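One line per chain: the protein sequences are D and G, in this order.
Residues in the first sequence are numbered consecutively from 60, following our numbering.
Residues in the second sequence are numbered consecutively from 101, following our numbering.
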Amino acid sequence: MIEVRDLEVGFGTGNDLIRAVRGVSFRVGEGESFALVGESGSGKSTVLRAISGLNPDWSGAIAVAGEPQGPRRSRAFHKHLQMVFQDPYGSLHPRHTVDRILAEPVAIHRLGEADRRIERALADVGLGQGFRYRYPHQLSGGQRQRVAIARALILEPRVLLLDEPTSALDVSVQAEILNLLRRLRAERGLTFLLVTHNLAVVNQMCERLAVMKGGEIVEEMTAGDLREGRTRHPYTAQLLRASRGYSRAAAAAVLDA
Amino acid sequence: MTAAANRPAGLRAWLREEAPSSRLQANLVQLYAGWRALRRNPLAMIGLAIILVLLAVAALAPWIAPFDPLHQDLANRLTPPGGAHPLGTDDLGRDILSRILHGARITLTIVVLVAVAVAPLGLAIGCLAGYFGGWVDSVLMRITDVFMAFPRLILALAFVAALGPGIENAVLAIAITNWPPYARIARAETLTIRRSDFIAAARLQGASSLGIIWGHVVPLTISSVIVRVTLDMAGIILIAAGLGFLGLGAQPPSPEWGAMIAGGRKYILDQWWVATMPGIAICVVSLGFNLLGDGLRDVLDPKQR
Chain D
60 MIEVRDLEVG
70 FGTGNDLIRA
80 VRGVSFRVGE
90 GESFALVGES
100 GSGKSTVLRA
110 ISGLNPDWSG
120 AIAVAGEPQG
130 PRRSRAFHKH
140 LQMVFQDPYG
150 SLHPRHTVDR
160 ILAEPVAIHR
170 LGEADRRIER
180 ALADVGLGQG
190 FRYRYPHQLS
200 GGQRQRVAIA
210 RALILEPRVL
220 LLDEPTSALD
230 VSVQAEILNL
240 LRRLRAERGL
250 TFLLVTHNLA
260 VVNQMCERLA
270 VMKGGEIVEE
280 MTAGDLREGR
290 TRHPYTAQLL
300 RASRGYSRAA
310 AAAVLDA
Chain G
101 MTAAANRPAG
111 LRAWLREEAP
121 SSRLQANLVQ
131 LYAGWRALRR
141 NPLAMIGLAI
151 ILVLLAVAAL
161 APWIAPFDPL
171 HQDLANRLTP
181 PGGAHPLGTD
191 DLGRDILSRI
201 LHGARITLTI
211 VVLVAVAVAP
221 LGLAIGCLAG
231 YFGGWVDSVL
241 MRITDVFMAF
251 PRLILALAFV
261 AALGPGIENA
271 VLAIAITNWP
281 PYARIARAET
291 LTIRRSDFIA
301 AARLQGASSL
311 GIIWGHVVPL
321 TISSVIVRVT
331 LDMAGIILIA
341 AGLGFLGLGA
351 QPPSPEWGAM
361 IAGGRKYILD
371 QWWVATMPGI
381 AICVVSLGFN
391 LLGDGLRDVL
401 DPKQR
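As structure tokens, then:
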């Protein structure tokens, strides 16, 4: 469904060039859920922005649903692939009602039947119709993220890019949102590409994952490998230890980069 | 009494609804919240009252003015305030009160025309420059810089001198010299929001650049521009009065306030009321716009919420 080959993304020019992503390649099959894992600055979100078309400055090859993609994307591409952002406080327009937020993609793609679609989208993400004419500042973080998910799904895409969809939320709300995403994926056969630094989330959500460090993929493994602790690269082992919580032993074993 | 008291309460509850049930109600709830915030500010309410009075006076001038503003009565020239002429008469025996009341129309016309011409132009240029960045930004902002490099009144003077005196040309000159600050404000606001996730989300939905600017950027930049327009109203009135004073704005016998002050200049020591009365009118109306602008800023500025 998503195929990325030798993806390179750099910021700046000349001596100031920062190679944020250095020759990343991976494949995500149809209906699969794939995770990109790594610390802050490892380039995982940059990969996502390149795939989504938000960052047009990249080289290499990106194909979605078998179609090679250039720097500009077609309207059909946007209907096909949507994204949920990390910060639900920044991803909803502060002056738009939930109704308007959800009506806009329907209008852009001329899908028609806006009323029915909006009602259904709200019901799908577990928000009542009472939320329809509220503004984002009247909603909690979890409710906002549900609206953001509804906005992504109202176009009925087949691929959903998730950029740390729960890391800005309370722990209790995180589980709700993850359950919601899992349910929606099962119902609709969605393909997920998830970016996170949280291995517990990967365990719950994904079949396969790639570990990124310094703009490169250091290891690709299955969620089963991760659960059993079968790591090949020392950085993955370190990430796994760190995810089990902070301890003196784990802290002492951290390899300073 | 209870029925009458109940109905507004019902309306008020409807306007304060946490979960509105229609687009219209959602908008009205927002408006009502803004109005309540504005009402808590007594100075803003004074400003609003002054402007409402100005509007009423401008609308009703022919009916409330005691005399024809152009009627000359040389037998009663330079009468002091009091009696039949509450604010006195000028050097041609015209009633100053009637002239001020009629002058409100001219002042309001100038202010509204300038605001209508300037705000959308500045907003459009600023939002385009800020959103697209790159060479679009450079070109538009250098043009803006050129206009900002000249003092406003001097540039307006030059334009009026070139176009010829008169109210229309004064409006045009003020408009041409007033838009750059709005472009600056709109651009600065646009720069702070163009990288935000909700813009990225709109792009991901396939929205066009102009659609994003109109639907997402403008609603967030417009409040700063509205506040700035209101605060600038006073300046616009003063520039219009200044052009009138210099004989380049409204032409005699038109009762424009600045021109009236210019007419009274010769008598300022002996017949002080001729120049003072229109001066007070300019002062009060400018104050009204400034107070309202300050209040609106508190209500509309998203950064202070």
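We put the beta carbon where it would ideally sit given N, CA and C, even for glycine.
Fair warning: this is a prediction, and the values are worked out from it, not measured in the lab.
CB contact flag (residue i, residue j, <8 Å)
i: ALA312/D; j: ARG300/D; result: yes
i: ARG364/D; j: GLU91/D; result: An answer regarding residue 364/D cannot be provided, because it is not within the stretch 60 to 316 covered by chain D.
i: PHE251/D; j: LEU219/D; result: yes
i: ARG287/G; j: MET241/G; result: yes
i: CYS383/G; j: ILE313/G; result: no
i: VAL106/D; j: ALA211/D; result: no
i: TYR132/G; j: VAL218/G; result: no
i: ALA350/G; j: ILE267/G; result: yes
i: SER121/G; j: TYR192/D; result: yes
i: SER231/D; j: GLN145/D; result: no
i: SER324/G; j: ILE285/G; result: yes
i: LEU304/G; j: GLN128/D; result: no
i: ILE200/G; j: LEU187/G; result: yes
i: LEU170/G; j: GLY193/G; result: no
i: GLY147/G; j: GLY395/G; result: yes
i: ARG366/D; j: GLU62/D; result: Because chain D spans 60 through 316 in this model, residue 366/D falls outside it and cannot be assessed.
i: ALA341/G; j: PRO352/G; result: no
i: THR259/G; j: ILE243/G; result: With the sequence shown as reference, residue 259/G is identified as Phe, and Thr is not the correct amino acid for it. Not a contact, by the Cβ cut-off of 8 Å.
i: ILE213/D; j: VAL261/D; result: no
i: ILE210/G; j: VAL153/G; result: no
i: ARG203/D; j: LEU151/D; result: yes
Of the residues the options, the one placed nearest residue i, counting alpha carbons only
i: LEU161/D; options: ALA301/G, VAL317/G, ILE339/G and ILE380/G; result: ALA301/G
i: GLY97/D; options: ALA259/D, VAL157/D, ALA207/D and VAL254/D; result: VAL254/D
i: GLY201/D; options: GLU215/D, LEU186/D and LEU214/D; result: LEU186/D
i: GLY306/G; options: VAL106/D, ARG217/D and PHE136/D; result: PHE136/D
i: GLN263/D; options: ARG241/D, LYS272/D, MET280/D and PRO127/D; result: ARG241/D
i: GLY283/D; options: ALA259/D, ARG210/D and ARG217/D; result: ALA259/D
i: ASN257/D; options: GLY248/D, ARG247/D, LEU221/D and GLY274/D; result: LEU221/D
i: GLU278/D; options: PHE85/D, LEU151/D and VAL184/D; result: PHE85/D
i: GLY347/G; options: GLY110/G, LEU154/G, GLY264/G and THR209/G; result: GLY264/G
i: LEU95/D; options: LEU239/D, ASN238/D, ARG247/D and GLU223/D; result: GLU223/D
i: ARG154/D; options: TYR194/D, LEU170/D and LEU239/D; result: TYR194/D
i: THR156/D; options: GLU246/D, HIS196/D and HIS292/D; result: HIS196/D
i: ARG291/D; options: ALA269/D, ARG303/D, ALA180/D and ARG307/D; result: ALA269/D
i: ASP332/G; options: VAL157/G, ALA381/G, GLY311/G and PHE389/G; result: PHE389/G
i: ASP297/G; options: PRO147/D, SER104/D, ALA180/D and ILE77/D; result: PRO147/D
i: THR179/G; options: VAL374/G, PRO378/G and ILE380/G; result: VAL374/G
i: PHE70/D; options: ALA296/D, GLN297/D, SER133/D and GLY274/D; result: GLY274/D
i: SER356/D; options: LEU298/D, SER306/D, VAL83/D and ARG307/D; result: Missing from the structure shown is residue 356/D; chain D here goes from 60 to 316 and no further.
i: ILE151/G; options: TYR231/G, LEU208/G and ALA165/G; result: LEU208/G
i: LEU237/D; options: ALA124/D, GLY149/D, ARG134/D and VAL184/D; result: VAL184/D
i: ASP116/D; options: LEU151/D, ALA79/D, ALA234/D and PHE93/D; result: ALA79/D
i: SER308/G; options: ARG131/D, PHE93/D and ALA120/D; result: ARG131/D
Inter-residue spacing [alpha-carbon to alpha-carbon] between residue i and residue j
i: ALA362/G; j: ALA215/G; result: 25 Å
i: GLU356/G; j: ALA229/G; result: 38 Å
i: GLU117/G; j: VAL129/G; result: 7 Å
i: PHE167/G; j: ARG123/G; result: 50 Å
i: MET101/G; j: ALA113/G; result: Any answer about MET101/G is weak, because its pLDDT of 42 lies below 50 and its placement is not dependable; what the coordinates show is given next. So the two alpha carbons sit approximately 18 Å from each other.
i: ILE322/G; j: THR330/G; result: 12 Å
i: ILE326/G; j: ARG136/G; result: 18 Å
i: LEU255/G; j: SER101/D; result: 54 Å
i: ASN106/G; j: LYS138/D; result: Because the pLDDT at ASN106/G is just 47, under 50, the model does not fix this residue reliably, and the value given afterwards should be weighed accordingly. Approximately 50 Å, taken between the alpha carbons.
i: GLY189/D; j: LEU243/D; result: 22 Å
i: ARG169/D; j: GLY88/D; result: 29 Å
i: LEU257/G; j: TRP279/G; result: 16 Å
i: LEU392/G; j: SER386/G; result: 10 Å
i: ALA79/G; j: THR295/D; result: Outside the shown range of chain G, which is 101 to 405, sits residue 79/G, and nothing can be said about it.
i: ALA103/G; j: GLY110/G; result: In this predicted model, ALA103/G has a pLDDT of only 45, less than 50, meaning its place in the structure is not dependable; the value taken from the coordinates is given anyway. So the alpha carbons of these two residues sit roughly 10 Å apart.
i: ALA161/G; j: GLN172/G; result: 18 Å
CB contact check: residue i to chain B, cutoff 8 Å
i: PRO164/D; result: Of the protein chains in this structure, namely D and G, none is chain B.
Near the ligand NAP: residue i beta-carbon under 7 Å from a heavy atom
i: LEU258/D; result: Of ligands this structure carries none, so the ligand NAP is not represented either.
### Task
Scan the stretch 132-145 of chain D for residues whose Cβ lies nearer than 7 Å to a Cβ of chain G and list them as they occur along the chain.
ARG134, HIS137, GLN141, MET142 and PHE144
### Task
Taking only beta carbons into account, state which residues of the stretch 284-306 of chain G come closer than 8 Å to chain D, listed in chain order.
SER296, ASP297, PHE298, ALA300, ALA301, ALA302, ARG303, LEU304, GLN305 and GLY306
### Query
Between the stretch 111-126 of chain G and chain D, which residues of the former have a C-beta closer than 8 Å to a C-beta of the latter?
GLU118, ALA119, PRO120, SER121, SER122, ARG123, GLN125 and ALA126
### Message
At a CB distance below 7 Å, what residues from the stretch 316-342 of chain G approach chain D? Give them in sequence order.
### Response
HIS316, PRO319 and LEU320
### Message
What ranges does the beta strand (DSSP E) occupy inside the stretch 165-224 of chain D, keeping only unbroken runs of at least 3 residues that lie completely in it?
### Response
218-222
### Message
Give the list of continuous alpha helix (DSSP H) stretches no shorter than 4 residues that lie fully inside the stretch 203-267 of chain G.
### Response
234-248 and 252-263
### Query
Which ranges would you report for the alpha helix (DSSP H) in the stretch 288-357 of chain G if only whole runs of at least 4 residues count?
297-304, 309-312 and 318-345
### Task
Pull out every residue of the stretch 177-192 of chain D whose Cβ sits closer than 9 Å to any Cβ of chain G, in chain order.
GLY187, GLN188, GLY189, PHE190, ARG191 and TYR192
### Task
Identify each residue in the stretch 229-252 of chain D for which the Cβ-Cβ distance to at least one residue of chain G is less than 9 Å, and report them in chain order.
none
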